[in-house]
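Chains as they are written, first to last, in this note's numbering: chain A, 3 to 243; chain B, 3 to 243; chain C, 3 to 243; chain D, 3 to 243; chain E, 3 to 243; chain F, 3 to 243; chain G, 3 to 243.
And the structure:
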């Protein structure tokens, strides 16, 4: 995205609209997300699946230290793309909101409530000066009252729910696969395979067992958990066949 | 709206008037509204009707997650257009004002009082530095003391009451239909049909049952409610015939 | 008013004088007033009259929602021109000052005291950074100790008392009529007719019964009141004959 | 005063010296004073006289609402020139300082003490950012311990005492008259005539009885008072003969 | 790294994204790290090793005053590269966090917890205005629950764990050596030799016994300690043979 | 002092060094001092002498209102040059520091302590933003423990002690006279004559009895006092012979 | 140091990195030090020696008022170069830190602790906006636990310990002498002679007895003291022979 003469000067501050009513700094923050690693989320009959390609570049790196899927609470998990430090700050905030809810009301936080609060927080960073918007997007997967949800946030604080979606550099390729092949009646296993196929398309096949993270929200147990590297390995190997 | 040389420099801050006494940042915020989804409000004999075209772009999106009509209190509803995060912030504020009124005075807030408070809040964002104006417009529909009202706000904090009006990208088309065909003696059903016709004109017919949201203030019950997707479907189908 | 090279740079902030000792931002705020609807005030033998042309542009608009004349207290009324949201903020401030006076001293506020306080408030917005001046002018009509007053404020915080005056886009035309025909010994009815004649001249005759608002301070009753639409209609119709 | 290339950039902020050690914003504030109405002050054997030409431009204006001479305390009066709102703010401050002194020490404030406090206040507006200097000058006339004083302040916070002086647009003409004709042994009446002569010279004779305000500090009574319009009329008429 | 026209203006503030979603100020802070002295960290079978080349330039300098490896707590040590003052500020913060944990929970802080807290702190300096990002990178070596860790932070607040890594001016040369020769089954002695070889490659052999600092986390003892100059001398001499 | 291209941009803020390590705003503040009236200070056998040429320009001005020499405490006096309002602010500060010392420790403040405190205060205005440096220099004369002192401050907060010195526009001429003729064994009378000779040289003889102020610190009495106009007249007349 | 096009714009604020990771404002502050008077510090067998050339320019100046060597506590002394006011502010801070330590822990502050605290303080002025870095360097000489130290600080907050070093305009000449002739086994007298030789080289022989200040930390007494002018005179005279 090359700067146009017409946007010169309107894109230096988040507190300034451009003549056509756009907030360039928010749009540039979205570019930071578009440069991020690809993450996908898929709702299925049995729950919600989150899959991330971690893009580990060196054999000297400990893959476990690149965390892109985070457990927020027993029933909610998050996948992120974009600036790493920003994502960690939002995840911390989400965890604290969840704990406050548990302490205040003695029950787990509703996933939509949590998602809106995070978005409200992100919106303030697009209206007030002194800071920049968050350069990160989140996929928030969870279950409340037996119903699964898959929300997507962006730097503007917009909140949308998807049946299946992707964020990061591979989003266009991922969405193409989902538009054609998504089936809400899939099992979790089938959803994982669809997600791996989408990531495979997005990364042009350059991902191996160590660079994939998978999180699952299960309708049956009502909880979120991250798959162990061994489980992931089994999935990926089965998929590759 | 292309920037003119004469407005260069006067349009970068909300705390600066242009030589001809205009506040360009407020006008640019209005452009953000003009890029938003179309919403219409229509007063009728039996109450007030709010209708929004949600413009759902992908089959993977959950239409229910795109909320453009919000219940503020038992007797007040709001339709929004423009920046999604800004609208949510204003809706939150409206709900809190309503609850404070209930707790303080043990009665529901007067709709005009509420509308003015929201506009006062918006006005401060056009006079003080450190933040940008809200990039959103609201249609506020409600009933107080048996009398229905349909207010429209804009980013400058101006408050106007209409018999029938529209906000967002389709406003010119909508107003043309209303100027010609509006009848205050319509029933709610007739008002909904007029609203759908206006939206149809504004969207050039590209809306289907899943992308329309309808809210109704009823004189009889004295309350606001959002129609269920099933009710909306019946309306739209009848209309399409 | 086109910017001149010599004012470039001195007109971007209210905390900066130009080399010739002018405050351009205050002058630009006056331009916002000059773009506003026309309001007139006329002192007469029996009291003070305020008349506003509301310029209602669409039949879909509820004329009652365009309020340009406001009751501040039992004995004081205000007509405004310029930015609508700014006027509402000043009116709120005036009402609060009046109520504080009643609560503190158990008597109604002196109209000159109130007017000076509003102007002091406006002056601070021309000296300190972080906000812009108010883009609105007020005509303040009232009665204290049996003596009527008609004050005019402007964005710089200047306060002047007039026998008859006008603000807004039609001011030059209005003042021409008043300079020629004003008579302090008129009755209220004659003053209203003079005011309508001035507005007629200012709007080139484009106003009808629904777009005029009239407020009256009566020496006899010692109070301010807004005329009902019916009373206004009678006046306008009589005038039109 | 046209901006010179060499002052470009050093004259936009009060917290910046120019390379030759000048504070342009303070000098520009002085220009605002030079555009103000002319006020003169004259010490005489019997006291101090303040005279202002109010320049009333329209017969619709109430001359009494243009106040340029203010009573600060029983023994002190002030004449102002420059920005009207700024003058009112300084006068308010002076009155409060006087009252605080009365309440704290049970005696009237010394006129030199009061004048220095006002100047200290004005000086801070020339050293700290976030506000502009005051665009107003004051003539402070009063009596303390039986001794009369006539101080002149300017936007920089400089305080000087004069035997006879003038501020505002007519200062050069006024000072020329005083340099030639001032006599400290004049009576008040003679001083008023000298002041009117100076104003006459400054305004090229364009002032009438309604546009002149006169204040007098009397050695005999030890107090300050403004002359009534009737007294002023007598003076002016006598003078005109 | 020469500035490109396209980044002009987007790289002056940390609160501004560039059109392609980058934070130039954070990238420039990384350049400060790239100009720093070279530090390496290597995990081995027996623990973790940190080695720094201090680049002592003058015989008049006391080598002991150039500290590049710091003990944070009994079980954690840190090596830094980049701005010296910034590193000291981060080390102080790390020590305080560690002590707070000991006082609050009566146990030593988990090394991952500490590393994340430091990164959270650094992230805020990339999002909020009024300060610049930290111009320093850290290698954090330690042991918690019998498991060794080697984290690397950068100015953006990103946290990665490595098996072996380097920071500072010699990083490219160091990583080349490690990619080819790193063996996780090495003893500490072998790891130190590998590190010295890498530093030797990075400094083109220009380091002597007095300019090397070595810190060791031992699995056996569960603690971190800096080697004495004598021990370092023995290592270096053995290595040089 | 004309601005050079190389200083463009580095001289607009006190919080910015120029590439050659200079603080231009402090240097420009010194220019304000160089434009001030000339003041001299001379140590002699019997004490310290301060003499100022007040440059009274009009016969209408009360010379007594131009105060350039101020008594700070019983044993300390100050002569100032530069911005008048700034000098008054510093003198106020000095007086308050002196009184605080008396109240806190029941003894008069040491002159060196006082001078350093004033300089510390001035230094902060050269390091922190939001205000400009003081545009004034002071000569501080006094006696503590029987020892006389003559300090000179400048806008940077530098403090130097002189045997004889001058500030203001005439400094070069004054220093030339002192370098040639100063004798520490002079009596006060001889010192005054030397000072008048220096001022005479600096003003090219344009000063008369009414425009000179003289202050004396006496070793014998241990106090500071300003000479009466009569005493000054005697001195000047004797000198003129 | 002439500004290069590539540093334009990155050198105006301390909160901005240049594209190559440099902080120009800190480097410019170092230029202020390079323009300062020369100070040297030398460790020897018997303690540490500080010597400063005060560069007294006029016979009218009291040399004692130019203080470049300061006693901080019984065991610590400081020599400064660069902005005089900044040095005094740092010296004040050092003295207060020392006193706080005495009051809090009933023992003298460790010299390294004190030096780090001063550097931490200076570092914050290189990271946060609203102020400029300190334009001064310090040589801190002292003794703790029987061990002597000689620290050098610079505007970035870097802390280094030297055996012998110099700051200010003559540093290059001084370091050349020290590199060639420094001997840690010197007596204090020999160290002073070496220092005078270095200053002699730096000032090209233009210093006399009145312009040299000498401070000594003695291992034997464990204290710091400034030599009297008489002692200095003896040293200088002996040296000159």
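Glycine included, every Cβ here is placed at the ideal spot set by N, Cα and C. Predicted, not measured: the structure shown is a model, and the values here were computed from it.
Which ranges would you report for the beta strand (DSSP E) in the segment 72-98 of chain F if only whole runs of at least 3 residues count? 78-84
Would you tell me roughly how many angstroms separate the C-alpha atoms of residue 227(B) and residue 97(B), rounded to the nearest one? In the second chain, residue 227(B) corresponds to position 225, counting from 1. In the second chain, residue 97(B) corresponds to position 95, counting from 1. Going from the Cα of residue 227(B) to the Cα of residue 97(B) covers about 15 Å.
Where do the ends of the alpha helix (DSSP H) carrying residue 199(C) lie? Translated into the one-based positions of the third chain, residue 199(C) becomes position 197. It spans 190-204 - the alpha helix (DSSP H) in which residue 199(C) sits, taken as one unbroken run.
Report buried or exposed for residue 61(F), applying the criterion of at least 16 other Cβ atoms within 10 angstroms of its Cβ. Taking the first residue of the sixth chain as 1, we reach residue 61(F) at position 59. The residue is exposed, with fewer than 16 neighbouring Cβ atoms inside 10 Å.
Less than 8 Å between the beta carbons of residue 77(G) and residue 110(G), yes or no? For the purposes of this step, residue 77(G) is taken as the residue at position 75 of the seventh chain. For the purposes of this step, residue 110(G) is taken as the residue at position 108 of the seventh chain. Yes; because the gap between Cβ atoms is below 8 Å, this pair is in contact.
DSSP puts residue 239(B) in a beta bridge; with which residues? Stepping through the second chain from its first residue, residue 239(B) is reached at position 237. Answer by DSSP bridge pairing: none, since residue 239(B) is not bridged.
Where the beta strand (DSSP E) containing residue 162(B) begins and where it ends: Your numbering for residue 162(B) matches position 160 in the second chain. Per DSSP, residue 162(B) belongs to the beta strand (DSSP E) from 161-163.
Just the Cα atoms here: how many angstroms apart are residue 40(G) and residue 237(G)? As a first step, residue 40(G) is located in the seventh chain; it is residue number 38 there, counting from the start. As a first step, residue 237(G) is located in the seventh chain; it is residue number 235 there, counting from the start. The alpha-carbon atoms of residue 40(G) and residue 237(G) are separated by roughly 18 Å.
If we ignore side chains and look at the alpha-carbon of each, how far apart do residue 117(D) and residue 138(D) end up? Taking the first residue of the fourth chain as 1, we reach residue 117(D) at position 115. Taking the first residue of the fourth chain as 1, we reach residue 138(D) at position 136. Using only the alpha carbons, I get a separation of about 14 Å.
Have a look at 176(G), 154(G), 201(G), 193(G) and flag the residue whose alpha-carbon is nearest the alpha-carbon of residue 81(G). Against the seventh chain, residue 81(G) aligns to sequence position 79. Cα-wise, what sits closest to residue 81(G) is 154(G).
Check the DSSP bridge columns for residue 55(E) and list the partner residues they point to. Taking the fifth chain and counting its residues from 1, one reaches residue 55(E) at position 53. Residue 55(E) is bridged to 214(E).
Once DSSP output is grouped into helix, strand and coil, what is the label at residue 134(D)? Stepping through the fourth chain from its first residue, residue 134(D) is reached at position 132. Correct three-state label for residue 134(D): coil.
Please list, in chain order, all residues of the same chain as residue 72(G) whose beta carbon is under 6 Å from its beta carbon, the five residues on each side excluded. Translated into positions along the seventh chain, residue 72(G) becomes position 70. The answer, listed in chain order, is 80, 93.
Local Cβ density within 10 Å of residue 216(E), reported as buried at 16 or more and exposed below that: Stepping through the fifth chain from its first residue, residue 216(E) is reached at position 214. It counts as buried.
Closer than 7 Å by C-beta to residue 63(E): which residues in its own chain qualify, once you throw out the five before and the five after it? Chain order, please. Reading the fifth chain from its first residue, position 61 is the one you call residue 63(E). There are no such residues.
Neighbour-count burial assignment, residue 135(F), 16 or more Cβ in a 10 Å radius: The residue you call residue 135(F) lines up with position 133 of the sixth chain. Classification for residue 135(F): buried.
Alpha carbon to alpha carbon, how far is residue 162(E) from residue 7(E)? Give it in angstroms, no decimals. Here residue 7(E) corresponds to residue number 5 of the fifth chain, with the count starting at 1. Here residue 162(E) corresponds to residue number 160 of the fifth chain, with the count starting at 1. At residue 7(E), the pLDDT of 42 sits below 50, so the modelled position is not reliable; the number obtained from the coordinates is stated separately. Distance between the alpha carbons of residue 7(E) and residue 162(E): 32 Å.
Any contact of the segment 166-185 of chain C with the segment 31-40 of chain C, i.e. 3+ C-beta pairs under 8 Å? yes
From 59(A), 32(A), 89(A), residue whose alpha carbon lies closest to that of residue 214(A): Along the first chain, read from residue 1 onward, the residue named residue 214(A) stands at position 212. Selected option, being the one with the closest Cα: 59(A).
How should residue 104(B) be labelled, buried or exposed, when 16 other C-beta atoms within 10 angstroms of its C-beta is the threshold for buried? Indexing the second chain from 1 puts residue 104(B) at position 102. It is exposed - the Cβ of residue 104(B) has fewer than 16 other Cβ atoms within 10 Å.
If the criterion is Cβ atoms closer than 8 Å, does the pair residue 174(G) and residue 28(G) meet it? As a working mapping, residue 174(G) is identified with position 172 in the seventh chain. As a working mapping, residue 28(G) is identified with position 26 in the seventh chain. No; because the gap between Cβ atoms is not below 8 Å, this pair is not in contact.
What's the gap between the Cα of residue 183(G) and the Cα of residue 130(G)? Residue mapping note: residue 183(G) aligns to position 181 of the seventh chain, counting from 1. Residue mapping note: residue 130(G) aligns to position 128 of the seventh chain, counting from 1. Approximately 42 Å, taken between the alpha carbons.
Let me check one thing: in DSSP terms, what residues is residue 49(B) bridge-paired to? Within the second chain, residue 49(B) is the residue found at index 47, counting from 1. DSSP output for residue 49(B) lists 46(B), 220(B) as bridge partner(s).
Quick check on the burial criterion: 16 or more other C-beta atoms within 10 angstroms. Buried or exposed for residue 102(C)? Stepping through the third chain from its first residue, residue 102(C) is reached at position 100. Per the 10 Å Cβ criterion, exposed.
For residue 150(A), three-class secondary structure by DSSP: As a working mapping, residue 150(A) is identified with position 148 in the first chain. Three-state DSSP puts residue 150(A) in a strand.
Find the residues of chain G that neighbour residue 286(F), judging by a C-beta separation of less than 9 Å, and give them in chain order. No information on residue 286(F) is available, as it lies outside the stretch 3 to 243 that chain F covers here.
Whole angstroms is fine: what's the gap from residue 112(A)'s alpha carbon to residue 221(A)'s? Here the question's residue 112(A) lines up with position 110 in the first chain. Here the question's residue 221(A) lines up with position 219 in the first chain. Going by the C-alpha atoms only, they are around 15 Å apart.
Any idea what DSSP makes of residue 228(C), helix, strand or coil? Sequence index remark: in the third chain, residue 228(C) carries index 226 (1-based). If DSSP states are grouped into helix, strand and coil, residue 228(C) belongs with the strands.
Put residue 141(C) into one of helix, strand or coil per three-state DSSP. Residue numbering aside, residue 141(C) sits at position 139 when the third chain is read from its first letter. Residue state, collapsed to three classes: strand.
With DSSP as the reference, label residue 68(G) as helix, strand or coil. On the seventh chain, position 66 is the one that residue 68(G) refers to. If DSSP states are grouped into helix, strand and coil, residue 68(G) belongs with coil.
Would you kindly work out how many angstroms separate the C-alpha atoms of residue 240(B) and residue 199(B), rounded to a whole number? Position 238 of the second chain holds residue 240(B). Position 197 of the second chain holds residue 199(B). Cα-Cα distance, rounded: 12 Å.
Please list the partners that residue 59(G) has in chain F, where partner means a Cβ-to-Cβ separation under 9 Å. The residue you call residue 59(G) lines up with position 57 of the seventh chain. Here the premise fails: no neighbours, minimum Cβ distance about 10 Å.
Excluding the five sequence neighbours on either side, which residues of its own chain have a C-beta within less than 6 Å of the C-beta of residue 74(B), listed in chain order? Taking the first residue of the second chain as position 1, residue 74(B) is located at position 72. Listed in chain order, the non-local C-beta contacts of residue 74(B) below 6 Å within the same chain comprise 80, 96, 97, 100, local neighbours out to five positions each way being set aside.
Chain C contacts made by the segment 118-146 of chain D, where a contact means CB separation under 9 Å: 127, 131, 132, 133, 134, 135, 136, 137
Just mark residue 4(F) as buried or exposed, buried being the case when its beta carbon has 16 or more other beta carbons within 10 Å. Locating residue 4(F) in the sixth chain gives position 2, counting from the first residue. Low confidence applies to residue 4(F): its pLDDT is 43, below 50, so where it sits in the model is not reliable, and the reading given next is rough at best. Exposed, because fewer than 16 other Cβ atoms sit within 10 Å of the Cβ of residue 4(F).
In three-state DSSP terms, what is residue 115(D)? Taking the first residue of the fourth chain as 1, we reach residue 115(D) at position 113. Residue 115(D): helix per DSSP, three-state reduction.
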